[in-house]
Amino acid sequence: MPGRRAIEVRQPQPGDGAAAAPKWRMSLLENTFAAFLHGADGAAARAVFGEGSLFSPFLFGKFFDPADAFPLWEFEPDVLLAALRRGAARTTVDWAETDSEYYLRADIPGGRKCDVEVSGDAMKVIDISGLWRAPPADGRDWRAGRWWEHGFVRRVELPEDADWRRVEAYFDDGDGSLEIKVPKNGDAHQATA
């Protein structure tokens with residue numbers, strides 16, 4: 048019976064080479080995305096990037112490149128996702144903040160394997176990514192070019208009081224969902240107590 052399992056959260060250290068990897072260098076533009084969705088793999092691509100998915104460029108009501116870091120926890124999900132929730136779309140993402148942590152839950156398209164990595168300047172970005180079809184046959188890093196042709200990504204900025212060293216991620220094999228928990232720094236949490 049499938050269950051919930053912890054997945055490794057990569058936290059590259061400065062100087063180990065992984066922090067400098069050329070990722071998400073090509074921006075996804077709205078016209079490029081529209082042409083891509085109407086291409087040969089349109090049905091498969093719509094399953095990954097469809098309305099309401101964490102990886103959809105239109106998740107927040109207007110086009111926003113998922114490879115650009117987004118300050119998710121600065122917004123209430125009911126407000127930011129209101130247009131989707133009023134329509135016929137089913138949102139597959141939710142987030143919240145408690146006194147001790149930040150929480151994100153999202154369905155992963157097709158229950159695919161995904162990676163969670165803390166990165167960016169001062170380790171203040173969470174990258175959620177994975178492959179939805181085979182990477183380029185020439186062995187190039189799929190993330191450095193037209194990444195959307197092979198994988199999916201959503202980059203989320205961490206709040207100032209987030210403790211990036213203690214990020215936890217879980218994957219539920221039964222319903223194909225990802226859960227990320229980001230504890231708040233002990234100092235900030237004690238100051239509010």
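Reading the sequence shown from the start, the letters are residues 48 to 240 in the working numbering. Cβ atoms here follow ideal geometry from the backbone N, Cα and C, with glycine treated the same way.
Just to confirm, is the Cβ distance from residue i to residue j under 7 Å?
{"i": "Leu178", "j": "His197", "result": "yes"}
{"i": "Ile173", "j": "Val203", "result": "yes"}
{"i": "Met170", "j": "Trp120", "result": "no"}
{"i": "Thr145", "j": "Gly99", "result": "no"}
{"i": "Asp141", "j": "Pro113", "result": "no"}
{"i": "Phe102", "j": "Leu127", "result": "no"}
{"i": "Asp162", "j": "Gly223", "result": "no"}
{"i": "Ala92", "j": "Leu84", "result": "yes"}
{"i": "Pro104", "j": "Phe80", "result": "yes"}
At which residues does the alpha helix (DSSP H) containing residue i begin and terminate?
{"i": "Arg93", "result": "89-96"}
{"i": "Ala290", "result": "Any property of residue 290 remains undetermined from this structure, which presents the chain solely from 48 to 240."}
Assuming residue i and residue j are in contact, meaning their beta carbons sit under 8 Å apart, how far apart are those beta carbons, in whole angstroms?
{"i": "Glu215", "j": "Lys231", "result": "Glu215 to Lys231, Cβ: 13 Å. No contact."}
{"i": "Arg52", "j": "Glu164", "result": "Actually they are not in contact, since the Cβ atoms of Arg52 and Glu164 sit about 18 Å apart, beyond 8 Å."}
{"i": "Arg152", "j": "Trp71", "result": "Between Trp71 and Arg152 the Cβ distance is about 23 Å, and since that is not below 8 Å, they are no contact."}
{"i": "Ala82", "j": "Pro156", "result": "Incorrect: roughly 20 Å between the Cβ atoms, too far for contact."}
In the DSSP assignment, find the beta strand (DSSP E) that holds residue i and state where it starts and stops.
{"i": "Pro113", "result": "That residue, Pro113, is in no beta strand (DSSP E); it is neither H nor E in DSSP."}
{"i": "Val200", "result": "198-204"}
{"i": "Ala216", "result": "215-219"}
{"i": "Arg193", "result": "Looking at the DSSP string, Arg193 is not in any beta strand (DSSP E), and its letter there is neither H nor E."}
{"i": "Ala53", "result": "51-54"}
{"i": "Lys228", "result": "224-230"}
Compare the C-beta of residue i with all C-beta atoms of chain D and state if any pair is closer than 7 Å.
{"i": "Asp141", "result": "Protein chains in the displayed structure number just one, and chain D is not present."}
**Q.** alpha helix (DSSP H) runs contained entirely in the segment 120-185, provided each spans 4 or more residues
**A.** 124-127, 129-133
Q) Should the segment 75-82 be called in touch with the segment 178-192, which here means at least 3 C-beta pairs below 8 Å? A) no
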